[in-house]
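Notes follow the structure.
Numbering (full-length UniProt numbering), first residue to last: 1 to 500.
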């Protein structure tokens, strides 16, 4: 609303009479109800295109602001990757339309995060359950005791539990394979690895595929925005406004309009909205779409579930994009205004104390109290904190330890390492971390990391290492990012971003 003028009820009602189908109508409607006096006619309720889900009053995140978008470049595998530069809107000439609703002019598209929406069904694999099951606990205990047959039986029972999540089924199958392999039953081991490998977007599913020598099966190519797609969008009031707003450089408002469209049941419209979200650099919107939409063959839109965000740290990347994207996806689902109950803020869910500590180490002046809801500031500080952790003595580029420390703090990690010092097996170490949230966080971030490496056309040496029983070490895959080295920080004070 206007910063100085207080809208009257009649003004709000008049606005709704004209623009009840516009983005923002929900907020205007709620404000109008508050200012409606006894005897006033009730204002028109907001209307929507199709069956779009309205913003949820108890949604996790609110609307946000963003930064500049990027240009499309080619990768070694032919996928589209966005780099921080002005985006030129180009339509694929895959149809015979002679004209386009979007002119071939350059359009700079700023970015932001999502507006809160009501909960929706998930199309991505559910994360590990709070308690995998009694079978899981029995299996792990038997594995540690060297009881291979008992372990295999328990893990197989978990893998075959129909009510278990894909994450848990993959975990059961993978550990069943390990149990059979340790008992020298290679045929059974391969059988259960094959079962685990069916879950291509889970931690143990990816490890199983690597162990079997299989590549990633996730189709991470985004739908191409065609003239037909734009024409479909232009037939819908919200879509037409979104196109105009993108042309005017109003990406925030354009995203709000796109969120008012429910494309479910129309394959072409689904692809149009997903392609527009990808082209417009709207990662939070893309993730939401990927969570509710599937292609006509039932396959998920993997590119929407793993979108490429537009934000770049001040001074450029010094840590691979895939790792930073993996953390952002898990921490905030790409919402710059995300805030946890513990007070962690922004894209990379930094605690204010951690941000202040890190900011003091930077040559760039971000102020004593940096704005953690500003995307570039958050990513700049988050990247520096990741680099700080990678370089810590005792972590030294180990990815499992780095990610665990990012979630729980270096102090907690050091305590766990001392207690678990006898464990040399990397995946057993993960499963032995005493805090469930951190165990799952490590698995989910590593999964994101490997899939983002697939999308960026990069190898995944850490996946190869962990599938081979070795501890995964961070190796820079981006051409312009240095590998770095261990032990660069010597401060006795260790910053903690633990959010428990």
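Where a beta carbon is used, it is the ideal one built from N, C-alpha and C, also for glycine. Keep in mind that this is a model prediction, so the values were computed, not measured.
Counting only the same chain and skipping the five closest in sequence on each side, list residues whose C-beta sits under 6 angstroms from that of residue 171. For the purposes of this step, residue 171 is identified with residue 171 of the chain shown, where counting begins at 1. Annotation for residue 171: 204 place their beta carbon closer than 6 angstroms to its own, counting only its chain and skipping 5 residues before and after.
Closest Cα partner of residue 178 within the set 207, 199, 200: To locate residue 178, count along the chain shown from 1; it is residue 178. Scanning 207, 199, 200 for the CA closest to the CA of residue 178 turns up 207.
Residue interval of the alpha helix (DSSP H) (run including residue 179): Position 179 of the chain shown, counted from the first residue, corresponds to residue 179. DSSP places residue 179 inside the alpha helix (DSSP H), whose first and last residues are 166 to 182.
When DSSP labels each residue in this structure, what does residue 103 get in the three-state scheme? Counting from 1 along the chain shown, the entry for residue 103 is found at position 103. Residue placement at residue 103 is poorly supported in this model, since its pLDDT is 36, which falls under 50; the coordinates still yield a value, given next. If DSSP states are grouped into helix, strand and coil, residue 103 belongs with coil.
State buried or exposed for residue 5, treating a residue as buried only when at least 16 other CB atoms are found within 10 Å of its CB. To locate residue 5, count along the chain shown from 1; it is residue 5. With fewer than 16 other Cβ atoms from the protein chains shown falling within 10 Å of its own Cβ, residue 5 counts as exposed.
Can you say whether residue 421 is buried or exposed, counting buried as having 16 or more other CB atoms within 10 angstroms of its CB? Along the chain shown, one-based indexing puts residue 421 at 421. Counting C-beta atoms within 10 angstroms of its own C-beta, residue 421 has fewer than 16 neighbours from the protein chains shown and is therefore classed as exposed.
Measure the Cβ-Cβ separation of residue 223 and residue 274 and say whether it is below 8 angstroms. Within the chain shown, the letter at position 223 stands for residue 223. Within the chain shown, the letter at position 274 stands for residue 274. Cβ atoms of residue 223 and residue 274: closer than 8 angstroms.
Hey, would you say residue 37 sits closer than 8 angstroms to residue 20, going by beta carbons? Against the chain shown, residue 37 aligns to sequence position 37. Against the chain shown, residue 20 aligns to sequence position 20. No. Outside cutoff.
Three-state class that DSSP yields for residue 352 in the structure shown: Here residue 352 refers to the residue found at position 352 of the chain shown. In the structure shown, residue 352 sits in a helix (DSSP, three-state: H, G or I).
Would you mind sorting residue 436 into buried or exposed? The rule is 16 or more other CB atoms within 10 Å of its CB. Position 436 of the chain shown, counting from 1, holds the residue named residue 436. Taking every protein chain shown into account, the CB of residue 436 has fewer than 16 other CB atoms within 10 angstroms, so this residue is exposed.
With distances taken Cα to Cα, identify the nearest neighbour of residue 392 among 405, 381, 382, 383. Translated into the one-based positions of the chain shown, residue 392 becomes position 392. Residue 405 is the option with its Cα nearest to residue 392.
Below 8 angstroms on the Cβ atoms is my contact criterion, and I expect residue 192 with residue 180 to pass it. Report the Cβ-Cβ distance as a whole number of Å. For the purposes of this step, residue 192 is identified with residue 192 of the chain shown, where counting begins at 1. For the purposes of this step, residue 180 is identified with residue 180 of the chain shown, where counting begins at 1. Indeed, because the Cβ distance is near 7 angstroms, the residues count as touching under 8 angstroms.
According to DSSP, which residues form a beta bridge with residue 398? Against the chain shown, residue 398 aligns to sequence position 398. Note: residue 398 sits in a beta bridge opposite 473.
I want to check one thing, is the minimum distance from the CB of residue 324 to the heavy atoms of the ligand ATP below 7 angstroms? Absence of the ligand ATP is noted for the structure shown, with no ligands found whatsoever.
Measuring CA to CA, which of 34, 497, 454 is closest to residue 303? One-based indexing of the chain shown puts residue 303 at position 303. If we check each option's Cα against that of residue 303, 454 comes out closest.
Out of 10, 25, 15, point me to the one whose CA is closest to residue 39's CA. Counting from one through the chain shown, the residue named residue 39 turns up at place 39. Check the Cα spacing between residue 39 and each of 10, 25, 15: the tightest is with 10.
Can you give me the Cβ contacts of residue 416 inside the same chain, cut-off strictly under 7 angstroms, excluding the 5 residues immediately before and after it? For the purposes of this step, residue 416 is taken as the residue at position 416 of the chain shown. For residue 416, where only same-chain residues beyond five positions count, the Cβ hits under 7 angstroms are 433, 434.
With a threshold of 8 angstroms on Cβ separation, who are the neighbours of residue 352 within its own chain once the five nearest residues in sequence on each side are excluded? The residue you call residue 352 lines up with position 352 of the chain shown. The answer, listed in chain order, is 343, 345, 369, 372.
Would you tell me roughly how many angstroms separate the C-alpha atoms of residue 12 and residue 47, rounded to the nearest one? If you number the chain shown from 1, residue 12 lands on position 12. If you number the chain shown from 1, residue 47 lands on position 47. Going from the Cα of residue 12 to the Cα of residue 47 covers about 15 angstroms.
As a quick exercise: from 408, 414, 423, pick the residue whose alpha carbon is nearest that of residue 438. Residue 438 sits at position 438 when you count from the first residue of the chain shown. Comparing Cα-Cα distances from residue 438 to each of 408, 414, 423, the minimum goes to 408.
Straight-line CA distance for residue 263 to residue 280? Position 263 of the chain shown, counting from 1, holds the residue named residue 263. Position 280 of the chain shown, counting from 1, holds the residue named residue 280. One C-alpha to the other measures close to 17 angstroms.
Rounding to the nearest angstrom, what Cα-Cα distance links residue 138 and residue 154 in this structure? In the chain shown, counting from the first residue as 1, residue 138 sits at position 138. In the chain shown, counting from the first residue as 1, residue 154 sits at position 154. Rounded to the nearest angstrom, the two C-alpha atoms are 6 angstroms apart.
So the candidates are 301, 253, 443; which of them puts its Cα closest to the Cα of residue 272? Within the chain shown, the letter at position 272 stands for residue 272. Selected option, being the one with the closest Cα: 301.
Check each candidate in 337, 251, 394 and name the one with the smallest Cα separation from residue 278. Start at 1 with the first residue of the chain shown, and residue 278 comes out as number 278. Ranked by Cα distance from residue 278, the options 337, 251, 394 are led by 251.
Could you tell me if residue 169 is buried or exposed, where buried requires 16 or more neighbouring beta carbons within 10 angstroms of its beta carbon? Working through the chain shown from its first residue, we reach residue 169 at position 169. By the C-beta density criterion, residue 169 is buried, having at least 16 other C-beta atoms within 10 angstroms.
Indicate whether residue 241 and residue 257 have their beta-carbon atoms separated by less than 8 angstroms. One-based indexing of the chain shown puts residue 241 at position 241. One-based indexing of the chain shown puts residue 257 at position 257. Less than 8 angstroms separates the beta-carbon of residue 241 from that of residue 257.
Separation of residue 431 from residue 182, as counted between CA atoms: The residue labelled residue 182 in the question sits at position 182 within the chain shown. The residue labelled residue 431 in the question sits at position 431 within the chain shown. When rounded, the distance between both Cα atoms is 18 angstroms.
To which residues does DSSP link residue 300 through a beta bridge? Along the chain shown, read from residue 1 onward, the residue named residue 300 stands at position 300. Answer is 294, bridged to residue 300.
Label residue 201 either buried or exposed according to how many other C-beta atoms from any shown protein chain fall within 10 Å of its C-beta, with 16 as the threshold for buried. The residue labelled residue 201 in the question sits at position 201 within the chain shown. The residue is buried, with at least 16 neighbouring Cβ atoms inside 10 Å.
Quick test of the definition: if touching needs 3 or more C-beta pairs under 8 angstroms, does the region 317 to 336 touch the region 445 to 461? With contact defined as three or more Cβ pairs closer than 8 angstroms, the region 317 to 336 and the region 445 to 461 are in contact.
Hey, quick one: how far does the alpha helix (DSSP H) through residue 36 stretch, first residue to last? Counting from 1 along the chain shown, the entry for residue 36 is found at position 36. First-last for residue 36: undefined, no H or E at that position.
Separation of residue 253 from residue 35, as counted between CA atoms: Residue 35 sits at position 35 when you count from the first residue of the chain shown. Residue 253 sits at position 253 when you count from the first residue of the chain shown. When rounded, the distance between both Cα atoms is 25 angstroms.
Just reading off the alpha helix (DSSP H) that residue 150 is part of, what are its end residues? Residue mapping note: residue 150 aligns to position 150 of the chain shown, counting from 1. Element bounds for residue 150: 148 to 159.
Can you give me the C-alpha to C-alpha distance between residue 267 and residue 220, rounded to a whole angstrom? Position 267 of the chain shown holds residue 267. Position 220 of the chain shown holds residue 220. Computed Cα separation, rounded: 18 angstroms.
Give the straight-line distance between the Cα atoms of residue 333 and residue 150, rounded to the nearest whole angstrom. Position 333 of the chain shown, counted from the first residue, corresponds to residue 333. Position 150 of the chain shown, counted from the first residue, corresponds to residue 150. Distance between the alpha carbons of residue 333 and residue 150: 39 angstroms.
Closer than 6 angstroms by C-beta to residue 17: which residues in its own chain qualify, once you throw out the five before and the five after it? Chain order, please. The count along the chain shown starts at 1 and reaches residue 17 at position 17. Cβ within range, chain order: 44.
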